[in-house]
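Asks:
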Amino acid sequence: GMRPNTLVLGFYDDCLPKDKLIESSLSATESSDPLNPSQDFEQPALYRFAYLRGSSDRHDYGEFGDGKVLGPQEYVSIISDAMKMLKNVVLARYFNDFDRAQVLLPSSLAKRVVYVDVWPVNLLRPDSCSYVDTCSLFLLQLACILNMVKAWRKATLRLFLCVEVGRSVKGSQAKLGQLLKDLRIKAEVHPVPWDQVVALHWQRQGGLGKNQGSQSPDSTTDEVEARAIEEESEDDYVNSFPSNATRVSDDYLAAVNKLILDQASPPPAVRFLYLPRPPADTRRYATYLHQLDLLTQDLGPTLLIHGVTPVITTDL
2 GMRPNTLVLG FYDDCLPKDK LIESSLSATE SSDPLNPSQD FEQPALYRFA YLRGSSDRHD
62 YGEFGDGKVL GPQEYVSIIS DAMKMLKNVV LARYFNDFDR AQVLLPSSLA KRVVYVDVWP
122 VNLLRPDSCS YVDTCSLFLL QLACILNMVK AWRKATLRLF LCVEVGRSVK GSQAKLGQLL
182 KDLRIKAEVH PVPWDQVVAL HWQRQGGLGK NQGSQSPDST TDEVEARAIE EESEDDYVNS
242 FPSNATRVSD DYLAAVNKLI LDQASPPPAV RFLYLPRPPA DTRRYATYLH QLDLLTQDLG
302 PTLLIHGVTP VITTDL
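Here it is, written out as structure tokens:
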């Protein structure tokens, strides 16, 4: 049989969650027997789950007085533990605002194109902009699977390629296009200049001694990644998060957030973003959550995804 290997969590914010499973169950019940309006109240409790968030009328509910049962420390601990257990992790944000009927009804699809935006790089680490690590490939696979679902087959995948001045845009675009061809993933590739954004990152600010040399324009990708490994030295993950936990500024995160929003023309139905690993230092968990919050602020329905096991091969 199949072994569950992916944990999906709602994002830790102040949005009240909506149980779409109960809503769909009730609508199905009502349509099956319109003559018995009380039938929906007699459904067995087996398919109903207890709410993990207080209602809007009870902000005093929960240990922290905000209606939440879990605190930020415990929430990030769940993410960290899941990754240590080699489970993929997905954080879903703003899906309480997702209107499936408006997005996917045939009448809506006939009027406009539905887009699914994919950013398969660790946006918190500009020096590790690799599209072929395990996490990026897992993210691409999930976007492709969504596109294969009947209701989403007419959606268009938009893949955003972050580029800087001095690097071969055509070469990077051709390489990414070849990867998509090998993986049989149909997507539009959109190069996105982000020099002004990267300039706000702590690695480009200067004055950090050993990190200054890593910004030499003559440095190869391998050299940059080798320095990242040396700096972080955790679990051999080039794209891991710990060295950023105390150095990534709010200005940089706000600039990345604006960069993502500026590409949304027309706006996508859902976004797929790269989820960095939590920091090794548990004292940095609140900072990690704050940075994810700024990164995804007002993006609409968004999935933050981190994959830990290889899911794609081109060897067959």
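Adding 1 to a residue's 1-based position in the sequence shown gives its number in our numbering. We treat Cβ as the ideally placed atom computed from N, Cα and C, and that holds for glycine. Keep in mind it's a predicted model, so treat the numbers as computed, not measured.
Report the rounded CA-to-CA distance for Val114 versus Lys155, giving the unit in angstroms.
Replies: Your numbering for residue 114 matches position 113 in the sequence shown. Your numbering for residue 155 matches position 154 in the sequence shown. In a straight line, the C-alpha of Val114 is about 8 Å away from that of Lys155.
Asks: Tell me which residues share the same chain as Phe99 and place their Cβ nearer than 6 Å to its Cβ, disregarding the 5 neighbours each side in the sequence.
Replies: Within the sequence shown, numbered from 1, the residue matching residue 99 stands at position 98. These residues qualify, in order along the chain: Pro302.
Asks: Using only CA atoms, which one of Val70, Pro280, His291 and Glu189 lies nearest to Leu158?
Replies: Reading the sequence shown from its first residue, position 157 is the one you call residue 158. Comparing Cα-Cα distances from Leu158 to each of Val70, Pro280, His291 and Glu189, the minimum goes to Glu189.
Asks: Alpha carbons only, please: which of Val271, Asp251 and Leu147 is nearest the one belonging to Ile186?
Replies: As a working note, residue 186 is residue 185 in the sequence shown. Residue Leu147 is the option with its Cα nearest to Ile186.
Asks: Once DSSP output is grouped into helix, strand and coil, what is the label at Phe99?
Replies: By 1-based counting over the sequence shown, the position of residue 99 is 98. Phe99 falls in the coil class under three-state DSSP.
Asks: Give the straight-line distance between the Cα atoms of Leu332 and Gln103, rounded to the nearest whole angstrom.
Replies: Residue 332 is absent from the structure shown; the chain starts at 2 and stops at 317.
Asks: Using a Cβ-Cβ distance cut-off of 8 Å, determine whether Leu17 contacts chain C.
Replies: The chain inventory of the structure shown lacks chain C, comprising one protein chain alone.
Asks: Just verifying my parser: in three-state terms, what is the DSSP assignment at Arg159?
Replies: Taking the first residue of the sequence shown as 1, we reach residue 159 at position 158. DSSP places Arg159 in strand when its eight states are reduced to three.
Asks: Going by the CB atoms, is the gap between Val77 and Tyr286 shorter than 8 Å?
Replies: For the purposes of this step, residue 286 is taken as residue 285 along the sequence shown, with counting starting at 1. For the purposes of this step, residue 77 is taken as residue 76 along the sequence shown, with counting starting at 1. Against a cut-off of 8 Å, the Cβ pair of Val77 and Tyr286 comes out as a contact.
Asks: Where do the ends of the beta strand (DSSP E) carrying Asn123 lie?
Replies: Your numbering for residue 123 matches position 122 in the sequence shown. Run containing Asn123: none; DSSP gives neither H nor E here.
Asks: Would you say Leu288 and Thr247 are within 8 Å of each other, going by their C-beta atoms?
Replies: Looking up residue 288 in the sequence shown gives position 287. Looking up residue 247 in the sequence shown gives position 246. Before going on, a small fix: residue 288 reads as Thr here, not Leu. It is a contact, given that the beta carbons lie within the stated cut-off.
Asks: Restricting to Cα atoms, I'd like to know which of Ala144, Phe161 and Leu160 is closest to Trp153.
Replies: Start at 1 with the first residue of the sequence shown, and residue 153 comes out as number 152. Residue Ala144 is the option with its Cα nearest to Trp153.
Asks: Okay, do the stretch 85-95 and the stretch 119-130 touch, 3+ Cβ pairs below 8 Å being the bar?
Replies: Too few Cβ pairs lie closer than 8 Å, so no.
Asks: Taking C-beta to C-beta, are Pro267 and Tyr116 nearer than 8 Å?
Replies: In the sequence shown, counting from the first residue as 1, residue 267 sits at position 266. In the sequence shown, counting from the first residue as 1, residue 116 sits at position 115. Going by C-beta atoms, Pro267 is nearer than 8 Å to Tyr116.
Asks: Below 8 Å CB to CB, which residues in the same chain sit around Asp251 once its five sequence neighbours on both sides are set aside?
Replies: Counted from its first residue, the sequence shown places residue 251 at position 250. Around Asp251: Leu295.
Asks: Grab me the residues of Thr297's own chain with a C-beta within less than 6 Å of its C-beta, minus the 5 sequence neighbours each way, in chain order.
Replies: Translated into positions along the sequence shown, residue 297 becomes position 296. Closer than 6 Å at Cβ, skipping near neighbours: Arg94 and Thr303.
Asks: Using a threshold of 8 Å, state whether the C-beta atoms of Tyr275 and Val166 are closer than that.
Replies: Your numbering for residue 275 matches position 274 in the sequence shown. Your numbering for residue 166 matches position 165 in the sequence shown. Not closer than 8 Å, so no.
Asks: Can you give the beta carbon distance from Leu125 to Pro277, rounded, assuming they're within the 8 Å contact cut?
Replies: Position 124 of the sequence shown, counted from the start, is the residue given in the question as residue 125. Position 276 of the sequence shown, counted from the start, is the residue given in the question as residue 277. Sure, about 5 Å apart at Cβ, within 8 Å.
Asks: Contact defined as beta carbons within less than 8 Å: I believe Gly308 pairs with Leu140. What is the distance between those atoms, to the nearest angstrom?
Replies: By one-based count along the sequence shown, residue 308 stands at place 307. By one-based count along the sequence shown, residue 140 stands at place 139. Rounded, the Cβ-Cβ distance is 7 Å, consistent with contact.
Asks: Might you give, ordered along the chain, the residues of its own chain that have their beta carbon closer than 6 Å to the beta carbon of Ser26, omitting 5 neighbours on each side?
Replies: By one-based count along the sequence shown, residue 26 stands at place 25. Low per-residue confidence applies at Ser26: pLDDT is 49, beneath 50, and the placement is therefore not dependable, though the value from the model is reported in the following sentence. Result list for Ser26: empty, nothing under 6 Å.
Asks: Alpha carbon to alpha carbon, what distance is there between Ala83 and Val239?
Replies: Against the sequence shown, residue 239 aligns to sequence position 238. Against the sequence shown, residue 83 aligns to sequence position 82. Summary for Val239: the model assigns pLDDT 41, below 50, so the residue's position carries little reliability, and this model does not support an answer.
Asks: In this structure, what does DSSP give as the bridge partners for Ile186?
Replies: For the purposes of this step, residue 186 is taken as the residue at position 185 of the sequence shown. According to DSSP, Ile186 bridges with nothing at all.
Asks: Distance, Cα to Cα, Arg205 vs Tyr253?
Replies: Here residue 205 refers to the residue found at position 204 when the sequence shown is read from its first residue. Here residue 253 refers to the residue found at position 252 when the sequence shown is read from its first residue. Each residue's alpha carbon lies about 11 Å from the other.
Asks: Can you tell me where the beta strand (DSSP E) with Asn9 in it begins and where it stops?
Replies: Along the sequence shown, read from residue 1 onward, the residue named residue 9 stands at position 8. For the record, residue 9 in the displayed sequence is Val; it is not Asn. Residues Thr7 to Gly11.
Asks: Sort Leu305, Pro311 and Thr310 by Cα distance to Val9 and report the nearest one.
Replies: For this step, residue 9 is matched to residue 8 along the sequence shown. Comparing Cα positions, the closest option is Leu305.
Asks: In terms of DSSP beta bridges, what is Asp134 paired with?
Replies: As a working mapping, residue 134 is identified with position 133 in the sequence shown. Note: Asp134 sits in no beta bridge, so no partner.
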